[in-house]
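Below you'll find the structure, written out as structure tokens, and then a few comments.
Numbering (this note's numbering), first residue to last: 4 to 247.
Pasting the structure below:
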């Protein structure tokens with residue numbers, strides 16, 4: 004494998020980093036705006052959350068609903084704590100950059116770069132997981148808010164609450180749950196792009212291709228996945244066969 008000269012390496016790596024941020028920010032902007040008028044996981048799940056909150060108001064016992072919200076919060080808390088462990092590992096690697104770089108250079112197909120460039124790559128990964136921690140922790144707090152909203156839900160048969168107030172409550176609670184789910188989704192998306200960043204330590208061109216591949220995978224899963232088709236599909240009973 005022919006290595007690029009030092010100056011070329013710098014510009015190629017900077018170009019790869021610019022492509023990475025363009026793909027990440029661009030896809031996030033695209034997904035958020037496309038979800039407003041197109042069926043995707045985010046928009047469909049919000050409709051299911053509205054149905055959930057509407058049916059919650061018809062039940063006297065809401066223990067199962069509280070359990071579901073608690074389970075969603077625990078999932079988010081798991082990723083938040085895992086992110087802290089990853090950050091601790093990356094900080095440890097930052098303290099031994101020379102050793103890590105020498106180990107990488109012994110591997111085949113790994114482009115040789117300066118120590119400063121290796122540290123820049125590690126700093127990028129640190130930044131990604133710091134962002135992931137903030138999104139997961141904020142999502143966790145929003146699930147806490149949803150638990151409070153659940154506790155304030157109008158009771159069945161409560162005559163002082165109008166139908167309009169019940170509908171407004173269901174919309175409000177569903178929106179809070181969707182915002183929490185969106186934060187969880189943003190954190191998971193950060194993990195996807197962080198995995199793509201690992202290929203940057205091998206070769207910047209491979210990093211560019213992997214980043215584009217991550218965008219394609221995210222797009223397929225959020226807008227054209229089988230699970231989305233299953234949630235959109237509403238079976239209808241077959242018409243009874245008429246006698247001839």
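Even for Gly, the Cβ is constructed at its ideal location relative to N, Cα and C. In this text the structure is predicted, and so the values were computed from the model without any measurement.
Limits of the alpha helix (DSSP H) - the one that residue 124 falls within: For this step, residue 124 is matched to residue 121 along the chain shown. Element bounds for residue 124: 118–154.
Reference residue 151; option with closest CA among 177, 234 and 29: Locating residue 151 in the chain shown gives position 148, where the first residue counts as 1. Taking only the C-alpha atoms, the option nearest residue 151 is 177.
Pair within 8 Å by beta-carbon distance, residue 142 and residue 187: Numbered from its first residue, the chain shown carries residue 142 at position 139. Numbered from its first residue, the chain shown carries residue 187 at position 184. Cβ distance < 8 Å, so residue 142 and residue 187 count as in contact.
Counted within 10 angstroms of its Cβ, other Cβ atoms place residue 204 as buried (16 or more) or exposed: Here residue 204 refers to the residue found at position 201 when the chain shown is read from its first residue. Result: buried.
Proximity of residue 254 and residue 52 at Cβ, strictly below 8 Å: Past the edges of the chain, shown from 4 to 247, lies residue 254, and the structure says nothing about it.
Reference residue 197; option with closest CA among 79, 49 and 90: For this step, residue 197 is matched to residue 194 along the chain shown. Considering only alpha carbons, the answer is 90.
Start and end residues, alpha helix (DSSP H) containing residue 26: Sequence index remark: in the chain shown, residue 26 carries index 23 (1-based). Its alpha helix (DSSP H) spans residues 9–37.
Nonlocal neighbours in the same chain, by C-beta distance under 7 Å from residue 190, ignoring five residues either side: Walking along the chain shown from the start, residue 190 turns up at place 187. So the list reads 82, 135, 138, 139 and 142, once near-sequence residues are dropped.
Cβ-Cβ distance between residue 1 and residue 122 below 8 Å: Residue 1 lies beyond the residue range present for the chain, which begins at 4 and ends at 247; the question has no answer from this structure.
Buried or exposed by the 16-neighbour rule on C-beta atoms within 10 Å, applied to residue 33: Counting from 1 along the chain shown, the entry for residue 33 is found at position 30. When all chains shown are included, residue 33 counts as exposed.
Counted within 10 angstroms of its Cβ, other Cβ atoms place residue 48 as buried (16 or more) or exposed: The sequence position of residue 48 within the chain shown is 45, counting from 1. With 16 or more Cβ atoms within 10 Å of its Cβ, residue 48 is classed as buried.
Of the residues 44, 174, 132 and 234, the one placed nearest residue 60, counting alpha carbons only: Sequence index remark: in the chain shown, residue 60 carries index 57 (1-based). That would be 174, whose Cα lies nearest to the Cα of residue 60.
The region 214–228 / the region 28–46 touching (three or more Cβ pairs under 8 Å): yes
Three-state secondary structure (DSSP) of residue 227: Sequence index remark: in the chain shown, residue 227 carries index 224 (1-based). Three-state DSSP puts residue 227 in coil, outside helix and strand.
Extent of the continuous alpha helix (DSSP H) to which residue 53 belongs: One-based indexing of the chain shown puts residue 53 at position 50. 44–59 is the span of the alpha helix (DSSP H), which, as asked, contains residue 53.
With 16 other Cβ atoms within 10 Å as the buried cut-off, status of residue 24: The sequence position of residue 24 within the chain shown is 21, counting from 1. Burial call: exposed.
Cα-Cα separation between residue 15 and residue 208, rounded to whole angstroms: Within the chain shown, numbered from 1, the residue matching residue 15 stands at position 12. Within the chain shown, numbered from 1, the residue matching residue 208 stands at position 205. When rounded, the distance between both Cα atoms is 8 Å.
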